[in-house]
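With numbering that gives the first Met the number 0 applied, the sequence shown corresponds to residues 0 to 245, in that order.
Written out below as C-alpha cells is the structure these notes cover.
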Amino acid sequence: MEHVDHILIVDDDREIRELVGNYLKKNGLRTTVVADGRQMRSFLESTPVDLIVLDIMMPGDDGLTLCRELRAGKHKATPVLMLTARNDETDRIIGLEMGADDYLVKPFAARELLARISAVLRRTRMLPPNLVVTESGRLLAFGRWRLDTSARHLLDEDGTMVALSGAEYRLLRVFLDHPQRVLNRDQLLNLTQGRDADLFDRSIDLLVSRLRQRLLDDAREPAYIKTVRSEGYVFSLPVEIIGAPA
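This is how it looks when you write it as C-alpha cells:
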C-alpha cells in the first residue's frame with residue numbers, strides 16, 4: 000500500500016488551518032488540523048506524522064516554544080515548517096535556531112506551502128541532490144568525532160551520543176562529503192535546503208553556528224568549520240570511513 004504523507008497543521012486561526020488542510024488534501028496529502036500546543040501533544044502521543052506545519056504566533060505556548068519542545072523530545076526527527084505572521088527576520092532566525100527545517104511568511108500562496116512541504120519531505124528522506132555521498136550506514140570519523148549515518152547522530156571519543164536535528168545532519172553530511180573544499184552560502188543553501196539564497200537569508204550562518212556548538216568548535220578559532228572571508232565555509236579536517244556502526 001502506497002504511503003500517503005501525513006501533515007499536522009498547528010494554527011490557532013481556524014480559517015487558515017481549514018483552508019490549508021483542505022488544499023493539501025486535494026493535492027494528495029493526509030492532513031490533521033489542531034488549534035494549539037495542547038492538542039498537538041495529545042495527537043502526537045498516538046499518531047506519528049511526516050511533517051508539522053507550526054504557526055509561531057499562538058496563545059499559550061507559541062510556535063517557537065513548541066518547536067524547541069519537539070526537538071528535545073521523541074519527535075526530534077519530525078520535520079517542522081514554521082509560519083510567521085510578519086516578515087520579521089528575528090522570528091525566522093529564532094525559528095531556525097530552535098530547529099525548524101524551513102519557514103514561510105504569512106500571507107502565503109497555498110501552492111508555495113505545498114512546494115515547501117514537498118521540498119522538506121524530500122530532503123529528509125534523501126541526501127541533497129547533486130551531492131556526492133559516501134556509502135550509507137557507515138561511521139565517518141573526523142577529529143574527536145564520528146558520525147553514524149544510519150542513526151544520524153554524532154558520537155564523541157567516549158561513545159556519547161549527540162543528537163542532531165535534520166537540518167544539522169544534512170549540513171554536516173555536506174561538509175563531510177566535501178572536506179577541505181570551500182563551499183559558498185548559495186551552494187550550502189541549495190544542497191541542504193533545495194533553494195537559492197536571498198540577500199537577507201541567514202539560515203546557513205545560523206546552521207553553521209548551531210553545528211559548531213554541537214561539535215564544541217570555538218567560533219573564534221574553529222578547528223572543524225572555518226570561515227573563508229568573502230567566500231564561504233570549509234570543513235578543514237580530513238574524513239575517514241571506519242566501517243559500519245556497531
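The beta-carbon is built from N, C-alpha and C at its ideal position, and this holds for glycine as well.
This one's a predicted model, so the numbers in the text were calculated from it and none came from an experiment.
Q.
Considering only their Cβ atoms, is the gap separating R213 from Q224 smaller than 8 Å?
A. Correcting the residue identity first, residue 224 is Ile in this sequence and not Gln. No, Cβ-Cβ distance for I224 and R213 is not below 8 Å.
**Q.** Contact set for M56: own chain, Cβ-Cβ below 6 Å, skip 5 residues either direction
**A.** A84
**Q.** Range of the contiguous alpha helix (DSSP H) that encloses V238
**A.** Here V238 belongs to no alpha helix (DSSP H), and DSSP marks it neither H nor E.
Q: Assign M251 to one of three DSSP states: helix, strand, or coil.
A: Residue 251 lies beyond the stretch modelled for the chain, which goes from 0 to 245, so this question has no answer here.
Q) Can you give the beta carbon distance from E17 to V33, rounded, assuming they're within the 8 Å contact cut? A) Going by Cβ atoms, the distance from E17 to V33 rounds to 12 Å, so no, they are not a contact pair.
Q: Please report how far the alpha carbon of T30 lies from the alpha carbon of D4, in whole angstroms.
A: 8 Å
Q. Should R115 go down as buried or exposed, given a rule of 16 or more other Cβ atoms within 10 Å for buried?
A. buried
**Q.** Pair within 8 Å by beta-carbon distance, L175 and L153
**A.** no
Q.
So for P127, helix, strand or coil by DSSP?
A. Unreliable positioning characterises P127 in this predicted model, as indicated by a pLDDT of 43, which lies under 50. A coordinate reading is not provided.
Q.
Using 8 Å as the cut-off, can you tell me whether the region 179–190 makes contact with the region 225–242, which would need three or more C-beta pairs spanning the two stretches below that distance?
A. yes
Q | From L171, L146 and V227, residue whose alpha carbon lies closest to that of I240 | A | L146
(Q) With a threshold of 8 Å, are at least 3 pairs of Cβ atoms found where one atom belongs to the region 58–66 and the other to the region 31–50? (A) yes
Q: Tell me whether V19 counts as near the ligand HEM, meaning its Cβ is closer than 7 Å to at least one heavy atom of that ligand.
A: In the structure on display, the ligand HEM does not appear, and there are no ligands present to speak of.
Q.
Distance check for E220 and L236, CA to CA, integer angstroms please.
A. 14 Å
Q. With respect to the beta strand (DSSP E) encompassing I224, which residues constitute its N-terminal and C-terminal limits?
A. I224 to V227
Q) What's the gap between the Cα of L215 and the Cα of T148? A) 20 Å
Q: Identify whether R151 lies in helix, strand or coil by the three-state DSSP scheme.
A: coil
**Q.** Under the three-state DSSP convention, the category T159 falls into
**A.** coil
Q) Based on the DSSP secondary-structure assignment, which residues constitute the bridge partners of Y168? A) In DSSP, Y168 forms no bridge with anything.
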